[in-house]
Amino acid sequence: MTSAATTEATAGARAAIPEAAGTVLLDGVTKRYGQATAVDRMSLTVQPGEFISLLGPSGCGKTTTLRMIAGFEHPDAGDIRVSGRSVLGVPPYRRDVNTVFQAYALFPHMSVAENVAYGLQQHRASKAAIREQVVEALDLVQMRRFADRKPTQLSGGQQQRVALARALVNRPAVLLLDEPLGALDRQLREEMQLELKLLQSRLGITFVFVTHDQGEALSMSDRVAIMRDGRIEQLADADTIYARPVSAYVAAFVGQQNFFRGPVVEGGTAVDSPHALVRGIRAELADGLQGQAAVRPEFVSIAPDASEARADAAGPVNTARGTLIGVAHLGETMQYLVRLGEEQSLIVRRPTPDAPQLAVGDPVVASWSAERVLLFPADDAASAGGYVAPPTD
108 MTSAATTEAT AGARAAIPEA AGTVLLDGVT KRYGQATAVD RMSLTVQPGE FISLLGPSGC
168 GKTTTLRMIA GFEHPDAGDI RVSGRSVLGV PPYRRDVNTV FQAYALFPHM SVAENVAYGL
228 QQHRASKAAI REQVVEALDL VQMRRFADRK PTQLSGGQQQ RVALARALVN RPAVLLLDEP
288 LGALDRQLRE EMQLELKLLQ SRLGITFVFV THDQGEALSM SDRVAIMRDG RIEQLADADT
348 IYARPVSAYV AAFVGQQNFF RGPVVEGGTA VDSPHALVRG IRAELADGLQ GQAAVRPEFV
408 SIAPDASEAR ADAAGPVNTA RGTLIGVAHL GETMQYLVRL GEEQSLIVRR PTPDAPQLAV
468 GDPVVASWSA ERVLLFPADD AASAGGYVAP PTD
């Protein structure tokens with residue numbers, strides 16, 4: 108875990124314990140499965156009414172963290188507090204939280220209304236109160252007209268809405284969502300992202316959302332916790348996560364990056380890779396160390412290369428020459444794949460209306476500004492799953 112993330116995540120958790128409904132506090136929480144540590148001394152404070160996402164690849168500990176807040180797993184060390192109350196040893200049904208799962212877990216033999224009413228019945232609410240609250244919950248997700256249908260008669264998006272209504276009918280202080288949009292197709296998933304955020308804003312309920320989809324996390328969340336090996340690598344708002352990642356791991360996981368590796372030069376402001384001298388505007392590293400410079404595809408320009416320089420030769424600072432080996436139309440953007448050498452490629456994305464007309468096989472020159480360069484020490488950024496240009500040595 109980086110020092111910045113440690114300070115930010117832990118400082119709030121170790122401050123005076125807030126008592127407001129909807130606060131979630133994890134203080135030094137650890138969870139092990141045999142010899143494997145799934146969550147490692149994690150500290151985090153979620154404020155009332157906040158939409159926070161736990162984002163990371165499979166195995167990073169995000170779902171285990173959610174299940175511990177819900178009460179389905181128990182920490183081996185540390186404390187978890189919900190609305191100012193420790194929930195260690197408290198069963199799930201007695202916590203002021205509800206959970207929406209990816210599989211929805213609806214009862215197939217019950218109608219939509221009966222599914223939503225189930226939790227209220229378990230709490231022995233009156234029939235009049237159940238009817239009123241079920242109608243209110245179904246109205247929230249625009250599903251009242253389907254109240255008498257069975258789950259098997261609904262589409263995936265409709266089932267997801269029913270699962271939300273069932274979780275919200277008791278008006279919990281905290282709603283936990285474990286990849287609830289994962290089973291939906293892309294268009295419906297994007298529609299539900301908007302609906303979820305609007306619903307959360309209207310209700311003011313704290314949402315803790317687990318996902319491996321960076322688009323979901325960045326588009327909906329007030330803050331995003333990027334997780335790695337059971338710890339928080341960075342905790343910040345979406346703009347900060349995207350523009351100022353604290354590590355190569357975060358930079359590679361959120362969006363895509365082109366990485367250039369080599370020795371650090373020029374007073375820590377540049378990386379001298381085999382295919383480009385990549386210079387930034389801040390001295391980040393010490394000269395002589397092995398480093399890597401990162402540039403996002405959308406910050407790279409591309410044009411035909413009319414020079415007589417070799418296609419694999421380095422050009423001026425923040426410029427690389429190569430051969431175009433792929434062109435893809437992505438709707439609003441055009442994507443170009445440029446081979447810089449035997450083992451390194453570069454991704455470029457340009458807005459479709461302004462994209463140059465290039466063909467596979469064309470010699471091209473790519474360039475970018477120093478303001479768009481991020482410098483990091485040599486790291487295992489490839490493990491984050493983002494695009495990483497392969498090393499050339």
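First residue of the sequence shown? That's 108 in the working numbering, and the numbers climb one at a time after it.
We treat Cβ as the ideally placed atom computed from N, Cα and C, and that holds for glycine.
Residue burial classification, residue i (beta-carbon count within 10 angstroms, cutoff 16)
i, result
"histidine 181", "exposed"
"glutamine 168", "One point to set straight first is that residue 168 is glycine, not glutamine, in the sequence displayed. So glycine 168 counts as buried."
"leucine 396", "exposed"
"isoleucine 388", "exposed"
"arginine 202", "buried"
"alanine 210", "exposed"
"glutamine 294", "exposed"
"alanine 123", "Any reading at alanine 123 is ruled out, since the residue's pLDDT is 46, under 50, leaving its predicted position unreliable."
"proline 404", "buried"
"glycine 141", "exposed"
"leucine 301", "exposed"
"methionine 313", "Inspection of the sequence shows that residue 313 is occupied by threonine rather than by methionine. Its Cβ being crowded by 16 or more others within 10 Å, threonine 313 is buried."
"threonine 117", "Any reading at threonine 117 must be qualified, since the residue scores a pLDDT of 47, below 50, and its modelled position is unreliable; the value itself is stated next. Flag for threonine 117 reads buried."
"glutamate 450", "exposed"
"threonine 114", "Here the model assigns threonine 114 a pLDDT of 45, short of 50, so the residue's position is not dependable, and the following value carries that caveat. Flag for threonine 114 reads exposed."
"aspartate 183", "exposed"
Beta-carbon proximity list for residue i, same chain, < 7 Å, skipping 5 on both sides
i, result
"glutamine 154", "Thr130"
"threonine 318", "Ser160, Leu162, Glu286 and Ala324"
"alanine 477", "Arg386, Gly387, Ile388 and Asn425"
Cβ-Cβ distance between residue i and residue j below 8 Å
i, j, result
"threonine 459", "glutamate 439", "yes"
"glycine 178", "proline 164", "no"
"valine 223", "leucine 247", "no"
"valine 402", "valine 467", "no"
"valine 331", "leucine 283", "no"
"valine 471", "glycine 429", "yes"
"alanine 413", "proline 463", "no"
"threonine 171", "valine 194", "no"
"glutamate 373", "leucine 482", "no"
"leucine 151", "leucine 133", "yes"
"alanine 400", "phenylalanine 367", "yes"
"methionine 327", "leucine 303", "yes"
"leucine 431", "leucine 465", "yes"
"glycine 166", "valine 136", "no"
Same chain, Cβ closer than 8 Å to residue i, neighbours up to 5 away in sequence not counted
i, result
"serine 218", "Ala254, Asp255, Arg256 and Lys257"
"phenylalanine 214", "Glu221, Asn222, Tyr225 and Pro258"
Cut-off 6 Å between Cβ atoms - residues of its own chain near residue i, not counting five sequence neighbours on either side
i, result
"leucine 325", "Ala345"
"threonine 407", "Residue identity check: residue 407 is valine in the sequence provided, not threonine. Taken in chain order, the residues that qualify are Val455, Ala473 and Trp475."
"phenylalanine 316", "Ser160 and Leu284"
"leucine 275", "Ala244"
"asparagine 277", "Gly226"
"leucine 288", "Arg296 and Met299"
"aspartate 292", "none"
Those residues which DSSP pairs with residue i across a bridge
i, result
"aspartate 379", "Leu384"
"threonine 206", "Leu283"
"isoleucine 454", "Leu444"
"alanine 539", "The question about residue 539 has no answer, for the chain in this structure spans 108 to 500."
"tyrosine 140", "Ala143"
"valine 434", "Tyr443"
"valine 372", "Ala377"
"leucine 173", "Bridge partners of leucine 173: none, in fact."
"proline 411", "Val471"
"glycine 398", "Gly369 and Pro484"
In the region 258-336, which residue ranges form an unbroken alpha helix (DSSP H) of at least 4 residues, counting only runs that do not cross its ends?
-> 263-275, 293-310 and 321-327
Alpha helix (DSSP H) runs wholly inside the region 175-229, at least 4 long, in chain order | 219-229
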